[in-house]
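Visitor: Please read through the structure below; I'll follow up with questions.
Number of protein chains: 2
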Amino acid sequence: MNQDYIKADNWSIIEEGFDKERVKSSESLFSIGNGAMGQRANFEEHYSGETFQGSYIGGVYYPDKTRVGWWKNGYPEYFAKVLNAPNWIGIKVSVNGEALDLNTCKSVSNFKRELNMKEGWYQRSFQAETYNNIQLEVKVTRFLSLDLDEVGAIKYEITPLEDAVEILFEPYLDSGITNEDSNWDDKFWNTTDVAYEGNQAFIQAHTMKTNFATCTFMQSQLHLNGKPIEQKPIETKKELSISHGYSQEVKKGETLELHKFGGYVVDTNHKKEDLVAAAKNVLQKATDLGFEALLEKQKEAWNDIWEMSDISIEGDVKAQQAIRFNIFQLNQTYSGKDSRLNIGPKGFTGEKYGGSTYWDTEAYCIPFYMATKDQIVARNLLEYRYNHLEKAIENAEKLGFSNGAALYPMVTMNGEECHNEWEITFEEIHRNGAIAFAIYNYYRFTGDYSYIPEMGLEVLIGIARFWQQRATFSKQKEKYVILGVTGPNEYENNVNNNWYTNYLAKWCINYAVEQLQKVKDGYPEDYDRIIGVSKLTDSETSKWKKVAANMYFPFSEEEDVFLQQDGFLDKELITVEDLPNSQRPINQKWSWDRILRSPYIKQADVLQGFYLFEDHFTTEELQKHFDFYEPFTVHESSLSPCVHSIQAAKLDRMQQAYTFYLRTSRLDLDDYNKEVEEGLHITSMAGTWMSIVEGFGGMRVLDDKLSFTPRIPKQWKAYSFKINFRKRVLKVTVSNEGSKFELEGGKEDMSIRVNGERVVLEPAKVISI
Amino acid sequence: MNQDYIKADNWSIIEEGFDKERVKSSESLFSIGNGAMGQRANFEEHYSGETFQGSYIGGVYYPDKTRVGWWKNGYPEYFAKVLNAPNWIGIKVSVNGEALDLNTCKSVSNFKRELNMKEGWYQRSFQAETYNNIQLEVKVTRFLSLDLDEVGAIKYEITPLEDAVEILFEPYLDSGITNEDSNWDDKFWNTTDVAYEGNQAFIQAHTMKTNFATCTFMQSQLHLNGKPIEQKPIETKKELSISHGYSQEVKKGETLELHKFGGYVVDTNHKKEDLVAAAKNVLQKATDLGFEALLEKQKEAWNDIWEMSDISIEGDVKAQQAIRFNIFQLNQTYSGKDSRLNIGPKGFTGEKYGGSTYWDTEAYCIPFYMATKDQIVARNLLEYRYNHLEKAIENAEKLGFSNGAALYPMVTMNGEECHNEWEITFEEIHRNGAIAFAIYNYYRFTGDYSYIPEMGLEVLIGIARFWQQRATFSKQKEKYVILGVTGPNEYENNVNNNWYTNYLAKWCINYAVEQLQKVKDGYPEDYDRIIGVSKLTDSETSKWKKVAANMYFPFSEEEDVFLQQDGFLDKELITVEDLPNSQRPINQKWSWDRILRSPYIKQADVLQGFYLFEDHFTTEELQKHFDFYEPFTVHESSLSPCVHSIQAAKLDRMQQAYTFYLRTSRLDLDDYNKEVEEGLHITSMAGTWMSIVEGFGGMRVLDDKLSFTPRIPKQWKAYSFKINFRKRVLKVTVSNEGSKFELEGGKEDMSIRVNGERVVLEPAKVISI
């Protein structure tokens, strides 16, 4: 870990003391979101120090240019980037004419940030002595409403500590914002109207090229000592910004408050010409309630979320804080309400990865949403890919495949590929397998087979076609090989026979063949429709089967392990233990070629396969592969420690499992990879959830039933979680004394397995084991 | 071949008939240059059709941004691009107020372009009927002076064919030019002054970032029926351009001529503050002579060049035209006068490859310049790399090497790496070997050992250090392996144990060790100095030797050939013959991943090694490897056919050698690779020269003596070339009857080998064999 300034607390993320060096890091950690929008914890008032400004709207992106150097055929037209959206949180604060700026204050004391996860709000408070020696106490509370998801609210309180002062609040909107990752000074927003009306203001702007039309809005209200003051604000309108000035003399000990409501309405949810009306409408709803009442609703909404998705841990505050932070962020990022949205790897906390959809969704996030939300949420996520099937087929065609073969994009906003590094875009094709696996996993968990005849089978056919065409026959090996790929371990590029990819390819084909038969037998009408559309013939499926049956898997007799790829043993096999700390993280210290020829593994690769297909291998095989690969693994992908934690738990290596748990769960809180400034690792947070539920809890679905092998790290007294399984909610509590299972609601019994033994649960009864 | 509109002619490149589709292609083919500057054959008058404007100044480049997508450690700061420089050739022509524009003329007849290579000028003539039905005859002659290499001259002649017309010539300068490859609308030039003085005009502009200051200048003079007319021009000055208007009534059959002189002076050759004075000075020299006299000098200068470097071919006009085109372009691109310059792969004919230096210089160009120029030219090219040694060491340090290991850049303008694709920049490391080989080759050919103790040995040490550090020991193979490289065949990336690279690495180390000993024995002072600087120890050289002695070379017992890289035989080995024509060139038709996993070879790779180290292998081995690899070779690199032509000739496959010869020599004239619009392939033109001299002529240097094994394609009656060998000039003529050798000048005899037999030549006597 690289930082430890976050205070341990069961329900809150807390920072104490002002340190300019930590501002960007905290801006990430204290981010707030409500599924529809989100923002970094930037200060409302002016700050002249180092900061990374970010406010993001779900689904609003920009197709940036991808060309540089030499074009390669098949490259996407653009690289989707998440856009920093117009700023609505800004409040310029002046005290006796002096702008409040923490960077220039003579002293800042009692500085505290709190992200209250239980209730869903963020607060910052401090005492400051300004450059002109004015002593102030400040407290700012902010949240993005879950109920009115186009609106956020800020309460900015100032109390003079010595003399009476004149305070000027200038809440503003600003569309003259930039992206951190913009290198070409491109403008991304086109502002078309800046307007005010009383204490409301509106900026209409649309994104360049994609033409997402938005109205950013605000409305403010002054309060003195808790009582509203009516004051006509002074407007200052510029080309790209607008502000309202409210000034007031405030005596020592009195508190002046500004309540500011703001946010975005977007033409994806409203008619373009109605945006201002929509903004007024949502402002009306918010201001009718007022700050406090809206905050009460926020607390209730979060209470409902926690009711189902909380994981409690006793006896280890840091672990408790961490898992709640992970669950909190996942819920801030994706609510499951809007099937056009998905889960960007950085959520609403930064620009990297462009806010787009990766294979993370299928491989890591679906299990979490499946078990903590109504199953429609997971089905929506599957449908998202079904809706993109045609584009996946087009994408495969661009790369030379034919006949309906589908290659899902590595990165996408709307189904089109929008990543532009050939070794990823063209070669990291295992992503296709994750999409098929998610279909299998969804059915395994929910028992809802209907998705497969309705939609899933077509996806499976496209994917099987891709794998059959992508494999080639090696005369030398007399096997099918898959050449030139990048596996989950992106520290290898353009390798041959990545074991994980080959294994997944074989599995995808076999699974598609099985489902074809199952749909033929059980859903003949769907089958006929699908055969009609896909023009699938027996001779084609024979070709598939031939590839699957004769797939090559690199294996070392000497080491008795599958090899991550051809030639892996030619590397200088120096373990991570012997790698000087000064060289790490290697992705910041080493050139790319050096990384590539090293044995170091960014994230689970062979072990990712052992995770997905656990039941295909014995525990002894798992152990052998874990012992071979983990020592070379640098875990520089956020998606790595969780898988290792689950596997270490399975191998009964609880100390190691616990270490990996801390690393995955506190990855951002403790900034293990020295990059938290850029934003949080949202998708891997679902992996943290898995490392408790699947790792320590040992939860699996076996033959349509939940199964558990509960273990507990020695650092903990107890932990508990709930699982929404096929419309029944099961609460599991594990302690040193044993485990308890409680079936909530319903009328029927439910049988599960615990440590391999059948256990029958009755509703509302606690069974201890 | 993809076009055949160029008329066959022994000394000229000729196009007849106006075809808008061919304009960009002809703009490349009719390019002119004088080593210091060059330009595409853009029309002087306005042309509203498709065109690719380009005028380039040697050594003037721009460091373009390289960032896009995700940064990788070790990437260069910039990608050097050659810049389209301010236009000085432009002459707006109006006839009775109507702008002459070939794109809008009612008819264009007798259109002809001629690039007279013997005399070094370019001419375009046509008859046109304008949109307003005016009939005109036009002839434009242009050249870039070899004598005054900052100046070019244009004679623009118009003759009205029916009625008297008012002709307005507006010669202009324009710095508002753009680059074709600019995607971000960046400005590359900053114009600081636009001025005129009488019939002269000047634009001062400097490149952004690199701050190359230039003055683009012009001076014009009107002539009627061959007689000068004094006329005060009308100036039109704009922000980025300036023009002079000269108008004159011209009767039917009379000819109005504009003589325009123009060009660039640059602060690399003059003081920045003296640029206008320098421009005036060179204009004075040019106008004192006048167009015709300057053209006479041009003819003499080219005559001198041809005297030494011509290759004549009898009985095959197309082959003759082609080799002269190649020799002509090489001489247009690099004169050897300025050791700061080098040979860009597109010379002055396009933007691609950024006008920078590649390994092409060492591997392809040095032999040509060595044998057709004074040996100082080749030594200058070697010194260019010696001067960059420190930067090569820095470059290697960036990639994690240490202790003075040197990695020369893949692409450079000033010694810094400026290419930004990791698979090339970081991995195409065989370039380092070409630089060592050139040192060996220079000494082998010239016998001038002095370069090695003076400069070369330090380069060799840096390169040997790199190879030793870059190789790793594979326990599995018990050999040193070189992982993660790109060989000369760029259709493979990040492969292990590219045979060519491994072979070259071993050779480089051994050669460095040998030269160390030789310098120690023969040049002890130099040796001490070098050991002092490099801090080389015996224990380090032992490490080198261990790597060289235990280098791994992939080999197939079954095929009895060295494998291009590990795993080559796993590919679907379908030969090019079975690849449908519609799929070619694969670099335009296929996605990158598909190319990478195919067996197709862009250019000689294993065979490149057999070419450089011919004497290490038997003819039978060459034949086996040629027969194995050539069928998979698509020759989509311009550097490929020449090597194959040389090897086919050696294998006595003269028909195949001839086919490859045509492909290399007429690559651009016949547009084999469908890309001549982008510019010409200059560096491969030296390969064409090699395919005659080394291929058909069988010239080698063996034990300090020239050796020949003359062959002649059946399509030819005879061919002859001259070789400047160790300050003696030898003329070789090969015909169906045998070969003749004539030693020019000198007093001493010279012994050579012909077909393995010793032959003693006496000065000025022709020996027939």
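Order-wise, the sequence lines are chains A and B.
The opening position of the first sequence corresponds to residue 1 in UniProt numbering, with each subsequent residue numbered one higher.
The opening position of the second sequence corresponds to residue 1 in UniProt numbering, with each subsequent residue numbered one higher.
Here a beta-carbon is modelled for each residue, glycine too, at the ideal position from N, C-alpha and C.
Because the structure is a prediction, the values reported are computed rather than measured.
#1: Which word fits B/His616, buried or exposed, when buried means at least 16 other C-beta atoms lie within 10 angstroms of its C-beta?
#2: So what does DSSP say about A/Ser12, is it helix, strand or coil?
#3: Just checking, does the region 316 to 332 of chain B make contact with the region 725 to 743 of chain B on the three C-beta pairs under 8 Å criterion?
#4: Let me make sure I understand the geometry here. Which of B/Leu146, B/Gly38, B/Val108 has the alpha-carbon closest to that of B/Val82?
#5: Figure out for me which residue from A/Val643, A/Asp186, A/Ser12, A/Ile158 has the closest Cα to the Cα of A/Met137.
#6: Where A/Ala434 and A/Ala363 are concerned, what is the direct C-alpha to C-alpha distance, given to the nearest angstrom?
#7: Sort A/Ile595, A/Asn395, A/Ala213, A/Lys337 by Cα distance to A/Lys271 and report the nearest one.
#8: Pop quiz: A/Met218 and A/Asp670 are said to be a contact at Cβ under 8 Å. What is the actual Cβ separation, rounded to whole angstroms?
#9: With 9 Å as the threshold, decide whether the Cβ of A/Ser637 is near any Cβ in chain B.
#10: If contact means a Cβ-Cβ distance below 8 Å, which residues of the region 382 to 410 of chain B contact chain A?
#11: As an exercise, report each continuous alpha helix (DSSP H) stretch of at least 4 residues that is fully enclosed by the region 540 to 610 of chain A, in chain order.
#12: Run through chain A and tell me which residues come within less than 7 Å of B/Glu98, C-beta to C-beta.
#13: Mind listing the chain A neighbours of B/Arg597? Cutoff is C-beta to C-beta under 8 Å, in chain order.
#14: Would you call the region 335 to 347 of chain B and the region 312 to 326 of chain B in contact, with 3 or more CB pairs under 8 Å?
#15: Pull out every residue of the region 548 to 580 of chain A whose Cβ sits closer than 9 Å to any Cβ of chain B, in chain order.
#16: Suppose only complete runs of 4+ residues qualify. What are the alpha helix (DSSP H) ranges in the region 434 to 516 of chain A, listed by chain order?
#17: Could you work out which residue in A/Phe169, A/Thr688, A/Pro580, A/Asp163 is closest to A/Ala657 when comparing CA atoms only?
#18: Excluding the five sequence neighbours on either side, which residues of its own chain have a C-beta within less than 6 Å of the C-beta of B/Lys118, listed in chain order?
#19: My assumption, with CB atoms under 8 Å, is that B/Tyr451 sits in contact with B/Ile439. Please give the rounded CB distance.
#20: Pick helix, strand or coil for A/Tyr334, following the three-state DSSP scheme.
#21: Within its chain, find whatever has a CB closer than 6 Å to the CB of A/Leu100; leave out the 5 residues flanking it on each side and keep chain order.
#22: Please report how far the alpha carbon of A/Lys251 lies from the alpha carbon of A/Asn190, in whole angstroms.
#23: Using the three-state DSSP reduction, which class does A/Arg124 fall into: helix, strand or coil?
#24: Should A/Phe741 go down as buried or exposed, given a rule of 16 or more other Cβ atoms within 10 Å for buried?
#25: What do you get for A/Glu296, buried or exposed, if any count of 16 or more other CB atoms within 10 angstroms of its CB means buried?
#26: Could you name each continuous beta strand (DSSP E) segment of 3 residues or more that falls completely within the region 275 to 314 of chain A, going from the start of the chain to the end?
#27: Within the 9 Å Cβ cut-off, does B/Asp316 reach chain A?
#28: List, in order along the chain, the chain A residues whose C-beta lies closer than 8 Å to that of B/Gln127?
#29: What does the Cβ neighbour count give for B/Ile311, buried or exposed, with the cut at 16 atoms within 10 Å?
#30: Throw me the rounded Cβ distance for the residue 775 of chain B and B/Tyr500 pair, which I believe falls under 8 Å.
#31: Determine whether the beta carbon atoms of A/Phe466 and A/Leu407 lie at a separation below 9 Å.
#32: Can you give me the Cβ contacts of B/Leu761 inside the same chain, cut-off strictly under 8 Å, excluding the 5 residues immediately before and after it?
#33: Between which residues of its own chain and B/Cys365 is the CB-CB distance below 8 Å, once the five residues before and five after are set aside?
#34: Ignore the nearest five residues each way along the sequence and tell me which others in A/Val606's own chain have a CB closer than 7 Å to its CB.
#35: Within 8 Å, do at least three Cβ pairs link the region 486 to 506 of chain A to the region 593 to 606 of chain A?
#36: Are there 16 or more other CB atoms within 10 angstroms of the CB of A/Thr541, so buried, or fewer, so exposed?
Guide: In brief:
#1: exposed
#2: strand
#3: no
#4: B/Gly38
#5: One point to set straight first is that residue 137 of chain A is Glu, not Met, in the sequence displayed. Of A/Val643, A/Asp186, A/Ser12, A/Ile158, the smallest CA-CA separation from A/Glu137 is found for A/Ile158.
#6: For the pair A/Ala434 and A/Ala363, the Cα-to-Cα distance works out to about 6 Å.
#7: A/Ala213
#8: No, A/Met218 and A/Asp670 are not in contact; Cβ-Cβ is about 36 Å, not under 8 Å.
#9: Answer no: the Cβ-Cβ gap between A/Ser637 and chain B never drops below 9 Å.
#10: Lys398, Leu399, Gly400
#11: 586 to 589, 592 to 597
#12: Neighbours of B/Glu98 in chain A, taken as residues at a C-beta separation under 7 Å, are lacking, since the least C-beta distance is about 39 Å.
#13: Thr472, Leu483, Gly484
#14: no
#15: Tyr552, Ser556, Glu558, Asp566, Gly567, Leu569, Asp570, Lys571, Glu572, Leu573
#16: Runs found: 457 to 470.
#17: The closest CA to that of A/Ala657, considering only A/Phe169, A/Thr688, A/Pro580, A/Asp163, is found on A/Thr688.
#18: Closer than 6 Å at the Cβ level, and outside the excluded window around B/Lys118, lie Trp11.
#19: At roughly 7 Å, the Cβ-Cβ gap stays under 8 Å, so B/Tyr451 and B/Ile439 are in contact.
#20: coil
#21: Glu45, Val93
#22: So the two alpha carbons sit approximately 43 Å from each other.
#23: strand
#24: buried
#25: exposed
#26: 311 to 314
#27: no
#28: Ordered by position in chain A, no residue passes the 8 Å Cβ test against B/Gln127, which lies about 41 Å from the chain.
#29: By the neighbour-count rule (16 or more Cβ atoms within 10 Å), B/Ile311 is buried.
#30: The requested residue 775 of chain B does not occur in the structure, where chain B is confined to residues 1 to 769.
#31: yes
#32: Leu730, Phe741, Glu742, Leu743, Asp749, Met750, Ser751, Ile752, Ile767
#33: Leu330, Tyr334, Ile343, Leu381, Thr683, Ala686
#34: Trp499, Tyr500, Phe562, Gln564, His625, Tyr629
#35: yes
#36: buried
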